[in-house]
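Just so it is clear: in the sequence shown, position 768 is 768 by my numbering, and no numbers are missing. Glycine included, C-beta positions come from ideal geometry on N, C-alpha and C. The structure appears right after this line, and notes come after that.
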Amino acid sequence: MKEKALQSIVSIFALIAVFKPGKGYTLISNILEVYLSSNFTKQTTDIYLDKFHQRIKEYIQVQNKKPSVFHHYFTNEIEAHCYILSREITIAQRMLVLIYLIEYAPYMSGKTSLYITSEATELVRTIAGKLEIDQSDFNDALAFSTDVFQKISDRNPLLIISDNQNLSIQGTKINHVENLNGQLIFLKISSINTVLFKVSGQAHFEINNRKLYKRRTYILNKGAVIHTNNDFDFYYNDITKALTRSYSGQKLALEAHNIDYRFRNGNYGIRKMSFSCHSGEMLAIMGGSGSGKTTLMNLLIGARKPENGIVTLNGVNVFTNPDKVKGYIGYVPQDDALNEELTAFENLYFIAGLSSGNLSKDERIRKVNKILKDLDLFQIKDLKVGSPLEKVISGGQRKRLNIAIELVRDPGILFLDEPTSGLSSADSENIMQILKDATENGRMVIINIHQPSSDIFKMFDKLLFIDKGGYPVYFGPAIQVTSYLKQALKLADAHENECQTCGNLNPDDIFRFVQTTNIATPHRSGSKRVYTPERWHRRYMRSIQENFTIFNEKTTMLSPSKVDIPNKIKQFKLYSLRNLFTKLADYPYLILSLSLPPLLGTLLSVFSRYISPLTESYSFQENQNIPPYIFMSVIVAMFVGIMSGSTEIIKDRKALKRESFLNLSFSSYLGAKLFYLVSLSAVQMASYVLVSKWILQIPAGNISFFIIMWTTAIASGIIGLLLSTIFKTTASVYVSIPFILIPQILFSGAVIDFNKINPFFSSNKYVPPISEPMLSRWSFEAISVSLFMKSEYSNYFYDLDQSIYQTAYYRNFLIPELEKAFFSDTWSSDHSLTPDSANFALVKNGYAQLVKHIENKLPELNDQHINGNDFNLFIREARNALSKINDSVQNQKDELINELGRDRYSELQQTRNKKLAQIVSDETNVEKIRISDDGFIRKMTPIYFMPENIYGRSHLYSPAKRIRNIFIETPRFCNYVIFTMSLALLIIIYLNRPRY
1 MKEKALQSIV SIFALIAVFK PGKGYTLISN ILEVYLSSNF TKQTTDIYLD KFHQRIKEYI
61 QVQNKKPSVF HHYFTNEIEA HCYILSREIT IAQRMLVLIY LIEYAPYMSG KTSLYITSEA
121 TELVRTIAGK LEIDQSDFND ALAFSTDVFQ KISDRNPLLI ISDNQNLSIQ GTKINHVENL
181 NGQLIFLKIS SINTVLFKVS GQAHFEINNR KLYKRRTYIL NKGAVIHTNN DFDFYYNDIT
241 KALTRSYSGQ KLALEAHNID YRFRNGNYGI RKMSFSCHSG EMLAIMGGSG SGKTTLMNLL
301 IGARKPENGI VTLNGVNVFT NPDKVKGYIG YVPQDDALNE ELTAFENLYF IAGLSSGNLS
361 KDERIRKVNK ILKDLDLFQI KDLKVGSPLE KVISGGQRKR LNIAIELVRD PGILFLDEPT
421 SGLSSADSEN IMQILKDATE NGRMVIINIH QPSSDIFKMF DKLLFIDKGG YPVYFGPAIQ
481 VTSYLKQALK LADAHENECQ TCGNLNPDDI FRFVQTTNIA TPHRSGSKRV YTPERWHRRY
541 MRSIQENFTI FNEKTTMLSP SKVDIPNKIK QFKLYSLRNL FTKLADYPYL ILSLSLPPLL
601 GTLLSVFSRY ISPLTESYSF QENQNIPPYI FMSVIVAMFV GIMSGSTEII KDRKALKRES
661 FLNLSFSSYL GAKLFYLVSL SAVQMASYVL VSKWILQIPA GNISFFIIMW TTAIASGIIG
721 LLLSTIFKTT ASVYVSIPFI LIPQILFSGA VIDFNKINPF FSSNKYVPPI SEPMLSRWSF
781 EAISVSLFMK SEYSNYFYDL DQSIYQTAYY RNFLIPELEK AFFSDTWSSD HSLTPDSANF
841 ALVKNGYAQL VKHIENKLPE LNDQHINGND FNLFIREARN ALSKINDSVQ NQKDELINEL
901 GRDRYSELQQ TRNKKLAQIV SDETNVEKIR ISDDGFIRKM TPIYFMPENI YGRSHLYSPA
961 KRIRNIFIET PRFCNYVIFT MSLALLIIIY LNRPRY
């Protein structure tokens, strides 16, 4: 308390002493002395008592000099000092000052009874008003101090603890305690969360070794214990719980019965223990680092299964029945689970939407604003939360906001992991008071905490202390832990729980007692503990667990959770909206994400814009860099997509763990992420393709180009989501990206020629199997084939060129190789083949290919015996037929060129890139035909012949893919494959989703 505030209190007492001296100044001086000695040291008390007497002298002089105006002077002075107090001390401290003034009020008239005159009442009432104390609360405090309990309003609960079995007061809660030999009366001023009390009867009452006087009104401080001379103890937490209005929700009991837990390496994380906690209680789990506090909390919330034993909530196993209990559980992790890009209001609003599907938008807003006000966060509701390093909001505000996120869905149990870590003592007490208020509203609060302050420790109802190795040491009322430990150590003051002078309980003493070591002697080391963890555990099992009835409170069957989860569509909308708000708030990232593709497109296009020295002007037809540009475009789409999705789930992991207690739909969450990736990729790839079209003057196939790039980016984004699911840190994801992209580069078909790949991985007819699952292979082939096939030239001449190239293949390559296979270098008409001959099957294969291509009737060859004359006749007829076909097609092409005109034909040629045509026709490959066990395999002009496989497999650059008897254009088929890959990856992500 500041000096000027204490001086104002002394001045108010002095003013009243002079204005209403009653039976002299001694009585009011005694009352002030009691107030000072109860709150300050003896030295401070003596100093301010002297100042009190000095002020009396000063005021008497003013009164004697100007008696006519003293009343006005008195009023002004009272107002001035009350104003100071209303600004410098808390409402509870002001109420305490008022209580002591009420104590003096009956004596203002010179009488010694409890009767207070109307004049004295109005004086004290005026002071209460100036101190900004609610008039209703003042009336209740006045009625309580004067024992007129029937006048106390319903808003402030009254509790009487008495041994009088016949005592009954309407509307008052009375607890009967036999042989108490007195009574205690408590009044809770709810608006300021302050408990007043007084004692009466024959019993001797004391608090913190200070005698309590009969009929005097006191304030019950947190953690206080009222002792009686007949061995009754009344704890602050028990009293406040009894004063709390009845909880309208379901009463819960969390019970751990004989649980223990082993890690995978066989070491124990938790040793055998049993304990329980109920609605309206705060249980603290204390212990050193590595003692198993977090492991135990994971067992309690159902994230891990005990090796032995069971954890139940109202009899329901929390691990085996997560759907039944999760709606009741709220979890606040030690680390932030806040969305750093959203404001405080938005963080709460979306959680409110996900947990309260029955509320309208306006109702959710009102609910969120109320919680923000209750937790003193309303002033920061529109501030972006930011990261802990940015310090947009304070550490205490972050912790309160984390708690608010859980309170917004009103869980029955609140678990908190180290809620005060990293906070100042003031912020820590503020956080713990919020949690204590939550228990008074009927919630159960269970916290992991390391070393709380004395004031915080006194808020705990129960304490579970765990020693190294997960051994339980103590479970029971928190205030009695030191007495229990000192009894075990046989200390002389084992009956004392707190400091008998100041009333504090130092939590460090708990660790000191548990880890007490032997005194060193010449024959004994001083480093050995008196009680090892195992010995503490044995004492715990003997003196606590065996004598403690775990299932000691009647509870009803667990009713369905009151949390109203919206349907999956509404969840999808809320997740999508939260994604949108998050990305818009992080505008630098959004700008970079949207600007990177067109920037990369510009760079690639500019550097790929080749100008031939012969023409001295740019021509798409002559640009030698189009194939590498296509390949790099695929890599850009993959890189941008992976980067877009690679951190999405990692950033939400903590929030997902928290929201797992709501049983929300992961499919809705994943759908929202996919919707974001699809939308973002559409904008990214559209800008990339538009820039490329403008710079490289790509004449046709741009829509197909965009669609393939879009689906590639989406699939890559899903790969990023998968990485984000597998790994737990962004660093791990970024390190893994090269392992994804390098195989995609190698096996795309652009870097390594599939005809020259390691034979172990190769395939004679088709794309190597190792390349089939590569996204880049399908994208690169689709874009290459699409730009070739969609050109205007191909629209006019593809079918004709296909016939010409096929005829050329059969006439120039297949027939000569077929002749070689038949004659085997003998070249005699008498030569013949039978099914036993080495090349019989090969010749039959070549024969079948020719018959299939040539529509004219060719001479048939005997299935069992092929002689040289018949074979020569067949070859001669085949050559003639192929020549006719070639001449006919060539004439058609010439006629079409003449019909179009040379200028138009030249324009059409400009729409086809020569280098791309060379790549898809595989002109540089000298191996035009390959002979294998399967027969003759065509390698010439892959873009001009159809695959034979009926299950979609084909050579690279095939114009279409075959499924049964249906031929599907390669770009479209590749898109189907990419879509199927994406769907498979989504299923893997769903199956591998984070589970808590």
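Skipping 5 residues on each side, what residues in its chain have a beta carbon closer than 7 Å to that of V998?
-> Limits of the chain in this structure are 1 at one end and 996 at the other, which puts residue 998 out of reach.
With which residues is H176 paired in a DSSP beta bridge?
-> DSSP output for H176 lists S162 as bridge partner(s).
In angstroms with no decimal places, state the Cα-to-Cα distance between L401 and S387.
-> Near 13 Å, if we compare the C-alpha coordinates of S387 and L401.
Given a cut-off of 9 Å, decide if P452 and P507 are closer than it, judged by their beta-carbon atoms.
-> Their beta carbons are under 9 Å apart, which means P507 touches P452 by this criterion.
Buried versus exposed call for W778 [16 or more other C-beta atoms within 10 Å across all chains shown] = Counting every other CB atom within 10 Å of its CB across the protein chains shown gives W778 a total of 16 or more, marking it as buried.
State the Cα-Cα distance for the pair V735 and P743, rounded to the nearest angstrom.
-> If you take the alpha carbons of V735 and P743, they lie about 15 Å apart.
Where DSSP assigns a beta bridge to E969, which residues make up the other side?
-> Answer is A960, bridged to E969.
The alpha helix (DSSP H) with V683 in it runs from where to where?
-> Under the DSSP assignment, V683 falls in the alpha helix (DSSP H) whose first and last residues are F666 to L696.
Where does L584 land, buried or exposed, given buried means 16+ other C-beta within 10 angstroms?
-> Of the other Cβ atoms in all chains shown, fewer than 16 fall within 10 Å of the Cβ of L584; this residue is therefore exposed.
Tell me where the beta strand (DSSP E) around S200 begins and ends.
-> Going by DSSP, S200 is part of the beta strand (DSSP E) stretching over T194 to G201.
Apart from the five residues on each side of it in sequence, which residues of its chain come closer than 6 Å, Cβ to Cβ, to N992?
-> Close CB contacts of N992 within its chain, under the 6 Å cut and outside five residues either way in sequence, are with T725 (chain order).
Identify the continuous alpha helix (DSSP H) that holds L313 and give its terminal residues.
-> Counting along the chain, L313 falls outside any alpha helix (DSSP H), though it belongs to the beta strand (DSSP E) covering N308 to L313.
Can you tell me the Cα-Cα spacing of Q892 and I929, whole angstroms?
-> For Q892 and I929, the distance between alpha carbons rounds to 27 Å.
Return helix, strand or coil for N334, following the three-state DSSP convention.
-> Looking at the sequence itself, residue 334 is Gln, so the reference to Asn does not match. Q334 sits in coil when the DSSP states are folded into three classes, being neither helix nor strand.
State buried or exposed for A426, treating a residue as buried only when at least 16 other CB atoms are found within 10 Å of its CB.
-> Flag for A426 reads exposed.
Leaving aside the five residues before and after R964 along the sequence, list all residues of the same chain whose C-beta is less than 6 Å from its C-beta, in chain order.
-> I950.
Put R366 into one of helix, strand or coil per three-state DSSP.
-> In the three-state DSSP reduction, R366 falls in the helix class (H, G or I).
Is E206 helix, strand or coil by DSSP?
-> Note: E206 maps to strand in three-state DSSP.
Would you kindly work out how many angstroms separate the C-alpha atoms of K272 and I988, rounded to a whole number?
-> Those two C-alpha atoms are separated by around 38 Å.
Grouping DSSP H, G and I as helix and E and B as strand, with all else coil, what is V785?
-> Note: V785 maps to helix in three-state DSSP.
What span of residues does the beta strand (DSSP E) with Q183 cover, start to end?
-> Residues G182 to I189.
Under three-state DSSP, which class holds A997?
-> The requested residue 997 does not occur in the structure, where the chain is confined to residues 1 to 996.
Three CB pairs or more closer than 8 Å across the region 675 to 692 and the region 592 to 601 = In short, these stretches touch, since the Cβ pair count reaches three.
Drop a sphere of 10 angstroms on the beta-carbon of K326, count the other beta-carbons inside from all chains shown, and report buried for 16 or more, exposed for fewer.
-> K326 is buried by the Cβ-count criterion.
Count the other CB atoms within 10 Å of the CB of L614; is the residue buried (16 or more) or exposed (fewer)?
-> When all chains shown are included, L614 counts as exposed.
Over what stretch of residues does the alpha helix (DSSP H) that includes H865 continue unbroken?
-> Per DSSP, H865 belongs to no alpha helix (DSSP H) and is neither H nor E.
Buried versus exposed, by CB contacts within 10 Å (16 or more), S617 | Its Cβ having fewer than 16 others within 10 Å, S617 is exposed.
Alpha carbon to alpha carbon, how far is H853 from S883? Give it in angstroms, no decimals.
-> C-alpha separation (whole angstroms): 13 Å.
Can you check whether the CB of F205 is closer than 9 Å to the CB of I219?
-> In this structure, I219 keeps its C-beta atom at 9 Å or more from the C-beta atom of F205.
Integer Cβ distance of D92 from T228, believed to fall under 8 Å = Checking the sequence, you will find Ala at residue 92 rather than Asp. 26 Å between Cβ atoms; not a contact.
Specify, as a first and last residue, the run of the alpha helix (DSSP H) that N402 falls within.
-> For N402, the uninterrupted alpha helix (DSSP H) segment begins and ends at G395 to L407.
For N30, the three-state DSSP class (helix, strand or coil) = The answer is helix: DSSP assigns N30 an H, G or I state.
On the premise that A242 lies in contact with L159, defined as a C-beta separation below 8 Å, what is that separation, rounded to the nearest angstrom?
-> Confirmed, Cβ separation roughly 5 Å.
Examine chain B for any beta-carbon lying closer than 9 Å to the beta-carbon of V689, and answer yes or no.
-> Given the protein chain composition of this structure (a single chain), no chain B is represented.
According to DSSP, is T44 helix, strand or coil?
-> Correct three-state label for T44: helix.
Quick one: what does DSSP say A700 is sitting in, helix, strand or coil?
-> If DSSP states are grouped into helix, strand and coil, A700 belongs with coil.
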